[in-house]
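>
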Amino acid sequence: MAKAAWLLMAVLVVAVAHAARPMQRNAIEEQDTNDIAMLGAGKKGKSPYHTPHDLFIQERASKQLPGPGQHFSFGALVGWDRIHGMMDSMPDSKLLLLVRHGQAVSNFLSDSLGPDEWFKWETKCGYTDSNGTKWGIFDADLTDLGVAEADSLNSMLRDGGWFNTLTAGKPARAIVSPLTRCLRTASVVLEGLPLTATNVEENVRETLGEDTCDARRAASDPEHAEEAEAEEEEAGVGGSLEPVCRFKKGLRSRFPQYSFPITPPKARSSQGEDGEQEGYERSTRSGFGLLADEDPLWTEKRETQAHQVKRARSFLADLWAHAPERVVVVVTHSGFTRSVLLAVGREPYRPQNTEL
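Numbering (mature numbering (1 follows the signal peptide of the UniProt record, and there is no 0)) for the sequence shown: -19 to -1, 1 to 337.
1. Is the beta carbon of D192 closer than 8 Å to that of L160?
2. Do you know how far the Cα of N184 is from the Cα of D299?
3. DSSP on Q45, reduced to helix/strand/coil?
4. What residues are listed by DSSP as bridge partners for F37?
5. Tell me the DSSP secondary structure of A182 in three-state form.
6. Using a Cβ-Cβ cut-off of 8 Å (strictly less than) and excluding sequence neighbours within five positions of P329, which residues of its own chain qualify?
7. Going by DSSP in three states, A131 sits in which element: helix, strand or coil?
8. Go ahead and pull the three-state DSSP assignment for G50.
9. Is the separation between the beta-carbon of L78 and that of V308 shorter than 8 Å?
10. Would you say the segment 91 to 99 touches the segment 50 to 69, given that touching needs at least three Cβ pairs under 8 Å?
11. Label Q286 either buried or exposed according to how many other C-beta atoms from any shown protein chain fall within 10 Å of its C-beta, with 16 as the threshold for buried.
12. So, are the CB atoms of V128 and V312 less than 8 Å apart?
13. Quick check on K247: buried or exposed, where buried means 16 or more other Cβ atoms within 10 Å of its Cβ?
14. For the alpha helix (DSSP H) that contains S136, what are its first and last residues?
15. What does the alpha-carbon distance come out to for the pair S250 and R266?
16. Kindly indicate which residue of T166, L271, P152 and G190 has the alpha-carbon position closest to the one of A304.
17. Can you tell me whether T124 is helix, strand or coil according to DSSP?
18. For K101, I'd like the list of residues in its chain whose CB is within less than 7 Å of its CB, leaving aside the five on either flank, ordered along the chain.
19. For Q238, does the count of other Cβ atoms within 10 angstroms reach 16, so buried, or fall short, so exposed?
20. Considering only the beta carbon of each residue, do D274 and I243 sit closer than 8 Å?
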C-alpha cells in the first residue's frame, strides 16, 4: 500500500545559501533539469510515497514567496480541519511540516557580496570584511536577523495558536538537521511547543559538498581545542577547507540541549517487508542520528540533484520506520525541501527563510 506523505512548507526565516557558481550556472541548471526529468520519467508507479493534490499553494513552484514571510494559513488552500479529516481516513499517512532555517551568515554574505564575489569565498572557512569584522562561513550560524525570524515563527506557532491548528492535537515529533543554522533555528522556533521528541538527523542536511557552509562540525570536541580556536580565527581571514575547517567546540558542547547518537546504516533492502512495491527502501538504521562522529558526507564535489532525492527517499523510509507520530516538523534547508518534494512527485518549490 502506498504511503501518503502530506507536505506543508514551513520555511524558517532565511534559507541556506545556494548560489550557483557564476561561470557554471548554465551547466548546473542544465544538469538539474536533466536530473529532474530523469526522476519524474516513469518513476511514479514505483514510489511508495505520494501526496494528495490541491491542498497547498506550495504545490506550484511558481507560487514561491518573493521574500521572507509566510503564505496565508501557511499555504493551505482548504481548511485544516478538512486536511486532518483526510488524514484520519488514511491511517498510513503523515503530515510533514517542512521548516527552512533562518537567515544564516552564508545567506547574508551571498546577498551582500553578490554572486561573483561570493563565488570566491563560498569554499573558504571564513570572510573578513572591510571593517575588520570576521564572518564564519564553515557550518554557518544564524545572523541576528535569522534569530529574529525564528522568534517570529515561534510566536505565530505558540502564542498565535497555529501549532494547535496545524497538528489538530495529534502527537508531533521534530526532526532537525545537524548543521548549526538549523539547530539554532529549531532551538528558537520549537521553544514551548508540545513535542513528543526532537531528533537530530544527518539525512536532512543541505546539498552536500564544496560549499563550506554545508559541511558540519564533528559531534565531539577536537583533541586540541586551543589550537583549533587559533586556526579557526586564522580561517576567518579566508582559510581554505583542507580537508575540513578547524573549530573549537563540537556539536555536543555547542548544543547540549540535543542528543547526537551515532546510527550508521546497515544494508538496505530494495523491497519492502511485504514485497509491496519495487523501489521501496526499508530502513535498517536503529533510529535517527548522525552517521558518524565526524562529517562522513561532505566532499569537494557538489552533490547532484538525483543523489539528494535518493537521500530524501532514505529519510522518508527512516521516518516511517522510527517515527510513529502522524505529524512531523522537519527543520531543514531549501535544497533538501526541494528534494523531498521531488521524491514524492511534486514540483521543486524553494522556500524562503523560516517559511513553513
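Beta carbons: idealized from backbone N, C-alpha and C, even for Gly.
Result, derived from the coordinates:
1. Contact flag unset, no.
2. Each residue's Cα considered, the two are about 10 Å apart.
3. In the three-state reduction of the DSSP assignment, Q45 falls in the coil class, being assigned neither a helical nor a strand state.
4. A57, per the DSSP bridge assignment.
5. Per the sequence shown, the amino acid found at residue 182 is Glu instead of Ala. DSSP places E182 in coil when its eight states are reduced to three.
6. Taken in chain order, the residues that qualify are I17, A42, R319, S320, L322 and L323.
7. The DSSP-derived three-state label of A131 is helix.
8. G50: coil per DSSP, three-state reduction.
9. Closer than 8 Å, so yes.
10. With a cut-off of 8 Å on Cβ pairs, the segment 91 to 99 is not in contact with the segment 50 to 69, counting fewer than three such pairs.
11. Q286 counts as buried, since no fewer than 16 other beta carbons sit within 10 angstroms of its beta carbon.
12. Judged by beta-carbon spacing, V312 lies beyond the 8 Å limit of V128, meaning their Cβ atoms are not closer than that value.
13. Around the beta carbon of K247, fewer than 16 other beta carbons sit within 10 angstroms, so the residue counts as exposed.
14. Looking at the DSSP string, S136 is not in any alpha helix (DSSP H), and its letter there is neither H nor E.
15. Below a pLDDT of 50, predicted positions are generally treated as unreliable, and S250, at 43, falls in that range; the measurement from the model is reported next regardless. Using only the alpha carbons, I get a separation of about 12 Å.
16. Nearest option by C-alpha distance: P152.
17. Per DSSP, reduced to three states, the secondary structure at T124 is coil, with no helix or strand assignment.
18. Hits under 7 Å: none found.
19. By the Cβ-count criterion, Q238 is exposed, with fewer than 16 other Cβ atoms from all chains shown falling within 10 Å of its own Cβ.
20. Yes. Within cutoff.
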